[in-house]
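Student: For the sequence shown, full-length UniProt numbering gives the first residue as 1, with consecutive numbering after it.
Note that CB positions come from ideal geometry on N, CA and C, so glycine has one too.
Pasting a structure here, questions to come.
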Amino acid sequence: MSKPFKRTTVTAALIYANGPIHIGHIAGCYLPADIYVRYLRATGQDVKFISGTDEHGVPITIKAKKEGVTPQEVVDKYYTIIKDSFEEFGISFDIYSRTSNKVHHDMSQDIFKNIYDKGQFVEETTEQYYDEKAQTFLADRYIIGTCPKCGNEGAYGDQCERCGSTLSPTELINPRSALSGEKPVMKETKNWYLPLDKMQPALEKYIESHPEWKTNVMGQVKSWLNDGLKPRAMTRDLDWGIKVPLPDTEGKVMYVWFDAPIGYISMTKELTEDWEKYWKDEETRLVHFIGKDNIVFHCLIFPAMCMADGRFILADNVPANEFMNLEGDKISTSRNWAVWLHEYLREFEGKQDILRYVLAASAPETKDSDFTWSDFQVRNNSELVGIFGNFVNRAVILTEKNFESKVPQLGELNDYDKQVLATLAEMPAKIGDSIANYKFREALALMMDVARLGNKYLAETEPWKVIKTDRERTATILNIGLQIAANLSILAEPFLPFTAEKIRKILNVEAFAWSEAGRADLLVEGQTVTNIGLLFEKVEDATVAAQVQKLEDAKMQNLLAGKEVPALKEEIQYDDFAKMDIRIGTIIEAEKVAKSKKLLKLKIEDGIKQRTILSGIGEHFQPENIIGQQVSFLANLAPRKMMGMESEGMILMAEDKDGSLAFVQPSKNVWNGGTVA
1 MSKPFKRTTV TAALIYANGP IHIGHIAGCY LPADIYVRYL RATGQDVKFI SGTDEHGVPI
61 TIKAKKEGVT PQEVVDKYYT IIKDSFEEFG ISFDIYSRTS NKVHHDMSQD IFKNIYDKGQ
121 FVEETTEQYY DEKAQTFLAD RYIIGTCPKC GNEGAYGDQC ERCGSTLSPT ELINPRSALS
181 GEKPVMKETK NWYLPLDKMQ PALEKYIESH PEWKTNVMGQ VKSWLNDGLK PRAMTRDLDW
241 GIKVPLPDTE GKVMYVWFDA PIGYISMTKE LTEDWEKYWK DEETRLVHFI GKDNIVFHCL
301 IFPAMCMADG RFILADNVPA NEFMNLEGDK ISTSRNWAVW LHEYLREFEG KQDILRYVLA
361 ASAPETKDSD FTWSDFQVRN NSELVGIFGN FVNRAVILTE KNFESKVPQL GELNDYDKQV
421 LATLAEMPAK IGDSIANYKF REALALMMDV ARLGNKYLAE TEPWKVIKTD RERTATILNI
481 GLQIAANLSI LAEPFLPFTA EKIRKILNVE AFAWSEAGRA DLLVEGQTVT NIGLLFEKVE
541 DATVAAQVQK LEDAKMQNLL AGKEVPALKE EIQYDDFAKM DIRIGTIIEA EKVAKSKKLL
601 KLKIEDGIKQ RTILSGIGEH FQPENIIGQQ VSFLANLAPR KMMGMESEGM ILMAEDKDGS
661 LAFVQPSKNV WNGGTVA
């Protein structure tokens, strides 16, 4: 840490309230932030953990348009889903609020007006994209085109979600309106700009004062600075958002990236009366946890806003993560290629810590990482069950079996005992140092080393054998084992809070402070331990297979959604159609044709006779299930030899998007031989 601070304000990105959250969001910023905050609380530090939903972005209005509801209805719906999911998952915000609240509108307008009154904005009339058909100026997200950097044809006017590049609408190739699909035109409009070009020297000085920032963060920021910053509009021509607090600004709202980060401040004000010390005192450390797509806004634009306003501190660190992919493919909400948190919590009830562990272990701290269900299973079964859970369970069961569930007496220590306890004493400082320096994967691995230490200790001392000859020695071994378990209730808390709580219930203790970790006397001799069952259960192959199939189904749905209706065949005359004699008949017999996968032999009652038709529907229907089915068939098709049999007609079938077949049949039973006209 760069200098000592009296307190810490931790923010986690304000997510758009236009859909539920997925594992990419969690791994990107919320879980690292929660680990960090839980550690600071355990060390007794004054910390506030702030987040909420961003409810003014254009994605909100796009979602509302798609669902046929108002933007307010959209944000109300998803705020509740997101907040409840975070709470159940154990993300321990001090407040989780929303930017639609009045306190946020008031504070955003106050900051905007203060910057305006200080003459920090530049008022400009410029040409911006306008949709003539929809008769509205287009916000950046309402403009879609080809990314000039990676060629993605679905890039937005402010960002390409494929390559992560931040864009301006005029950079897009072949832009089109997301509202009408039409090519937009340029039209004059007045807006207020933050002159980032003039502020660049001050921003460079700020960035250079933090050489300890992560390389991925510093690399992106310096790239922007090297290209030269340009003025950026802080207002937009929209109906949905926070009104610009100036005269004659009807139809203008604040740019979402102006008001959104102010949400951190307004939400702190909601939380506590002494909010100002968390935002205006130089002895407060401010840390922003975000994903890589938000680096520029938190490292350059928000600091520029705070500099222009003059009342607020700047971030001490912005430990942004890269992206987490899913089964080798980029997570995509539009393609439903995601593991949704609210669904995981329903399908893996009580197993929050498995997902917390897997996401923390494979977090994209400096480069993109990949979540797979097979890795989820292996990490759970091999590490959480096989190492962590196995150790605690063995220590408790052996105590229950041999010492009436009482912490046994610590006797004389041998060299191995002393070595194990010396290693234990060193671990809290190592884990804490890694967390404090935002190295959460490293910290998690060190925490698991404590579980490995305990597992190895029991494996090598073999108390289940020693009890047969030396009860006192067994007592010492299990005392040490239980003390290591007690330490895990402290050291695992930032990562696996639900498991830490279970361990405390097993050992019948309250939560310890971090400063007590490393001690070998956390448990009192004679203290009762309670076997409440396994900490973790194995994840079975069938469970993983079901989740993988769920993703495959989503992929298939995406493919089908993009499938186009076949082009019409060559035009024919009525006389050509009139030659076809289409009739209704009933299937009275059906059987598979030997040596053919596709052919079924059908006997059709056509009102005149019983005719045989061979139909290639054998991979779609079982013969016994279609007897009695009324069908449409081409009655005057010339007979044709197939598989040594003669077919007298053709059954009419409809093919669905996925290739499945359905009979073309009347909406009610009609007489056999009835004509289709």
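Run through DSSP, which three-state label would Asp370 get?
Tutor: If you number the sequence shown from 1, residue 370 lands on position 370. Three-state DSSP puts Asp370 in a strand.
Student: If you measure between the beta carbons of Asp259 and Gly328, is that distance less than 8 Å?
Tutor: Here residue 259 refers to the residue found at position 259 when the sequence shown is read from its first residue. Here residue 328 refers to the residue found at position 328 when the sequence shown is read from its first residue. Not closer than 8 Å, so no.
Student: Determine the direct distance from the alpha carbon of Leu453 to that of Leu522, and round the result to whole angstroms.
Tutor: Taking the first residue of the sequence shown as 1, we reach residue 522 at position 522. Taking the first residue of the sequence shown as 1, we reach residue 453 at position 453. Looking at the two C-alpha atoms, the distance is approximately 17 Å.
Student: State the beta-bridge partners of Phe49 as determined by DSSP.
Tutor: As a working note, residue 49 is residue 49 in the sequence shown. DSSP, once it has assigned bridges, lists Val10 as partnering Phe49.
Student: If you drop the 5 nearest sequence neighbours on each side, which residues of the same chain put their C-beta closer than 7 Å to that of Met1?
Tutor: In the sequence shown, the residue the question calls residue 1 occupies position 1. Low confidence applies to Met1: its pLDDT is 42, below 50, so where it sits in the model is not reliable, and the reading given next is rough at best. Correct list, in chain order: Ala436.
Student: Going by beta carbon distance, what residues of the same chain come within less than 7 Å of Lys597, once the five residues before and after it are set aside?
Tutor: Numbered from its first residue, the sequence shown carries residue 597 at position 597. Answer for Lys597: Gly618, Glu619, listed in chain order.
Student: Between which two residues does the alpha helix (DSSP H) containing Ile490 stretch?
Tutor: As a position in the sequence shown, residue 490 is number 490, starting the count at 1. Here the alpha helix (DSSP H) through Ile490 covers 471-491.
Student: With a threshold of 6 Å on Cβ separation, who are the neighbours of Ser489 within its own chain once the five nearest residues in sequence on each side are excluded?
Tutor: Start at 1 with the first residue of the sequence shown, and residue 489 comes out as number 489. Closer than 6 Å at Cβ, skipping near neighbours: Ala500, Ile503, Arg504.
Student: Given Gln109, which residues of its chain have a CB within under 7 Å of its CB, disregarding the five upstream and five downstream residues?
Tutor: Taking the sequence shown and counting its residues from 1, one reaches residue 109 at position 109. The residues are Ile242, Pro245.
Student: Using only alpha-carbon positions, find the residue among Thr249, Trp240, Phe536 that is nearest to Gly350.
Tutor: Along the sequence shown, read from residue 1 onward, the residue named residue 350 stands at position 350. Of Thr249, Trp240, Phe536, the residue nearest in Cα terms is Phe536.
Student: Given this structure, state the Cα-to-Cα distance separating Leu614 from Ser177, to the nearest angstrom.
Tutor: Taking the first residue of the sequence shown as position 1, residue 614 is located at position 614. Taking the first residue of the sequence shown as position 1, residue 177 is located at position 177. In a straight line, the C-alpha of Leu614 is about 52 Å away from that of Ser177.
Student: Would you kindly check if the distance between the Cβ of Gly28 and the Cβ of Thr99 is under 8 Å?
Tutor: As a position in the sequence shown, residue 99 is number 99, starting the count at 1. As a position in the sequence shown, residue 28 is number 28, starting the count at 1. Cβ distance not < 8 Å, so Thr99 and Gly28 don't count as in contact.
Student: Using only the heavy atoms of the ligand SAM, determine whether one of them is closer than 7 Å to the beta carbon of Ser100.
Tutor: The model depicted lacks the ligand SAM and carries no ligand whatsoever.
Student: Is the beta carbon of Ile21 closer than 8 Å to that of Phe97?
Tutor: Here residue 97 is taken as the residue at index 97 of the sequence shown, counted from 1. Here residue 21 is taken as the residue at index 21 of the sequence shown, counted from 1. Here the sequence assigns Ser to residue 97, which means Phe is not the residue at that position. Not closer than 8 Å, so no.
Student: Which runs of the alpha helix (DSSP H) fall wholly inside the region 241-283 and span at least 4 residues, in chain order?
Tutor: Listed in chain order, the complete alpha helix (DSSP H) runs (minimum 4 residues) inside the region 241-283 are 256-271, 277-280.
Student: Beta-carbon within less than 8 Å of Gly229's beta-carbon, same chain only, minus the 5 sequence neighbours each way: which residues are those?
Tutor: Here the question's residue 229 lines up with position 229 in the sequence shown. In the sequence under discussion, the amino acid at residue 229 is Leu, which differs from the Gly named in the question. Closer than 8 Å at Cβ, skipping near neighbours: Leu196, Asp197, Met199, Gln200, Leu203, Leu300.
Student: I need the straight-line Cα distance from Ile313 to Arg285, nearest angstrom please.
Tutor: On the sequence shown, position 313 is the one that residue 313 refers to. On the sequence shown, position 285 is the one that residue 285 refers to. Using only the alpha carbons, I get a separation of about 9 Å.
Student: Would the region 212-229 and the region 142-159 be scored as touching if the rule is three or more Cβ pairs under 8 Å?
Tutor: The region 212-229 vs the region 142-159: no contact.
Student: DSSP three-state label for Phe388, please.
Tutor: Working through the sequence shown from its first residue, we reach residue 388 at position 388. Here Phe388 sits in helix by DSSP.
Student: What do you get for Gly167, buried or exposed, if any count of 16 or more other CB atoms within 10 angstroms of its CB means buried?
Tutor: For the purposes of this step, residue 167 is identified with residue 167 of the sequence shown, where counting begins at 1. According to the sequence displayed, residue 167 carries Leu and not Gly. Looking at its Cβ environment, which holds 16 or more other Cβ atoms inside 10 Å, Leu167 is buried.
Student: Report yes if the CB atom of Gly673 is closer than 8 Å to the CB atom of Arg583, and no otherwise.
Tutor: Indexing the sequence shown from 1 puts residue 673 at position 673. Indexing the sequence shown from 1 puts residue 583 at position 583. Yes, these two residues count as a Cβ contact at 8 Å.
Student: Assign Val524 to one of two classes, buried (16 or more other C-beta atoms within 10 Å of its C-beta) or exposed (fewer than that).
Tutor: As a working mapping, residue 524 is identified with position 524 in the sequence shown. So Val524 ends up on the exposed side.
Student: Would you report the Cα separation of Leu341 and Ile626, rounded to the nearest angstrom?
Tutor: Stepping through the sequence shown from its first residue, residue 341 is reached at position 341. Stepping through the sequence shown from its first residue, residue 626 is reached at position 626. Computed Cα separation, rounded: 43 Å.
Student: Using the C-alpha atoms, what's the distance from Thr366 back to Phe289?
Tutor: Locating residue 289 in the sequence shown gives position 289, counting from the first residue. Locating residue 366 in the sequence shown gives position 366, counting from the first residue. Rounded to the nearest angstrom, the two C-alpha atoms are 14 Å apart.
Student: By Cβ distance below 7 Å, which residues in the same chain neighbour Glu442 in space, the five residues on each side in sequence not counted?
Tutor: If you number the sequence shown from 1, residue 442 lands on position 442. Around Glu442: Ser434.
Student: Quick one: residues in its chain with C-beta nearer than 7 Å to the C-beta of Val664, no 5 flanking neighbours on either side, listed in chain order?
Tutor: As a first step, residue 664 is located in the sequence shown; it is residue number 664 there, counting from the start. Cβ neighbours of Val664 beyond the five flanking positions: Ser632, Leu652, Met653, Ala654.
Student: Tell me which residues share the same chain as Ile387 and place their Cβ nearer than 8 Å to its Cβ, disregarding the 5 neighbours each side in the sequence.
Tutor: Within the sequence shown, numbered from 1, the residue matching residue 387 stands at position 387. Correct list, in chain order: Met448, Ala451, Arg452, Asn455.
Student: Label Cys160 either buried or exposed according to how many other C-beta atoms from any shown protein chain fall within 10 Å of its C-beta, with 16 as the threshold for buried.
Tutor: The residue labelled residue 160 in the question sits at position 160 within the sequence shown. Cys160 should be labelled buried.
Student: Using three-state DSSP, classify Ala304 as helix, strand or coil.
Tutor: Taking the sequence shown and counting its residues from 1, the one referred to as residue 304 is at position 304. In this structure, Ala304 counts as helix in the three-state DSSP scheme.
Student: Look at the alpha carbon of Gly263 and the alpha carbon of Val256, and state the distance between them as a whole number of angstroms.
Tutor: Residue 263 sits at position 263 when you count from the first residue of the sequence shown. Residue 256 sits at position 256 when you count from the first residue of the sequence shown. Between Gly263 and Val256, the C-alpha separation is close to 11 Å.
Student: Do the region 400-420 and the region 473-491 touch if we need at least three Cβ pairs shorter than 8 Å?
Tutor: Touching, per the Cβ criterion.
Student: I believe Arg394 touches Leu458 by the beta-carbon criterion, under 8 Å. Please report the beta-carbon distance rounded to the nearest angstrom.
Tutor: If you number the sequence shown from 1, residue 394 lands on position 394. If you number the sequence shown from 1, residue 458 lands on position 458. The Cβ separation is near 6 Å, so the contact holds.
Student: Grouping DSSP H, G and I as helix and E and B as strand, with all else coil, what is Ile354?
Tutor: Residue numbering aside, residue 354 sits at position 354 when the sequence shown is read from its first letter. Three-state result, Ile354: helix.
Student: Determine the burial state of Asn321: buried for a count of at least 16 other Cβ atoms within 10 Å of its Cβ, exposed for fewer.
Tutor: Position 321 of the sequence shown, counting from 1, holds the residue named residue 321. Buried is the call here.
Student: State buried or exposed for Trp279, treating a residue as buried only when at least 16 other CB atoms are found within 10 Å of its CB.
Tutor: Walking along the sequence shown from the start, residue 279 turns up at place 279. Classification for Trp279: buried.
Student: So which of Ser362, Pro463, Asp353 has the shortest CA-CA distance to Ala400?
Tutor: The residue labelled residue 400 in the question sits at position 400 within the sequence shown. As written in the sequence, residue 400 is Glu, which differs from the Ala given in the question. Among Ser362, Pro463, Asp353, the Cα nearest to that of Glu400 belongs to Pro463.
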